[in-house]
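Numbers 19 to 141, taken from this note's numbering, label the letters of the sequence shown in order. Beta carbons: idealized from backbone N, C-alpha and C, even for Gly. A quick write-up on the structure given underneath.
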Amino acid sequence: MSITKDQILEAFAAMSVMEVVELVEAMEEKFGVSAAAAVVAGGAGEAAAAVEEKTEFDVVMTSHGENKVAVIKAVRGATGLGLKEAKAMAESAPVAVKEAVSKEEAEALKKELEEAGATVEIK
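Here's what the structure looks like:
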């Protein structure tokens, strides 16, 4: 006589937690496997996805736009550069204004530069 998967699940549902734990231990012993290894292997895809999630962003100014003076001021405020260096940065677009910053900081800087008239990308 063959037992179906549904019948096995119904039997599990009727068991207490301790009975399930004892059953798992007995199955591990009988078949020479570990339930913990299966959980780790099953969660590997989720862990890889978490690792791939980007946490650092570069703010790249692609153009200073029509209001270069306002953009230079915004660059100075964001980077702490002197007037000459900020002007050179604005004029050398496309250029990374800040690198390896948080998503929130990148979005705030992008907004600030765009309000000054620059064209900005977050990479």
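DSSP-derived helix/strand/coil call for residue i
i: T22; result: coil
i: E74; result: coil
i: E133; result: helix
i: V38; result: helix
i: A114; result: strand
i: M33; result: coil
i: G95; result: helix
Cut-off 6 Å between Cβ atoms - residues of its own chain near residue i, not counting five sequence neighbours on either side
i: K105; result: I90
i: R94; result: A104
i: A88; result: A134, G135
Residue environment, residue i, which counts as buried when at least 16 other CB atoms sit within 10 Å
i: M107; result: buried
i: A92; result: buried
i: L127; result: buried
i: V138; result: buried
i: E78; result: Inspection of the sequence shows that residue 78 is occupied by Val rather than by Glu. It is buried - the Cβ of V78 has at least 16 other Cβ atoms within 10 Å.
Beta-ladder partner(s) of residue i, from DSSP
i: E139; result: V78
i: V119; result: F75
Beta-carbon proximity list for residue i, same chain, < 7 Å, skipping 5 on both sides
i: G83; result: V89, G135, A136, T137
i: K121; result: F75
Own chain residues within Cβ distance below 8 Å of residue i, not counting five before or after
i: E47; result: none
- Message: Can you confirm whether the segment 108-118 touches the segment 45-54 when touching is taken to mean that 3 or more C-beta pairs between the two stretches lie within less than 8 Å?
- Response: Too few Cβ pairs lie closer than 8 Å, so no.
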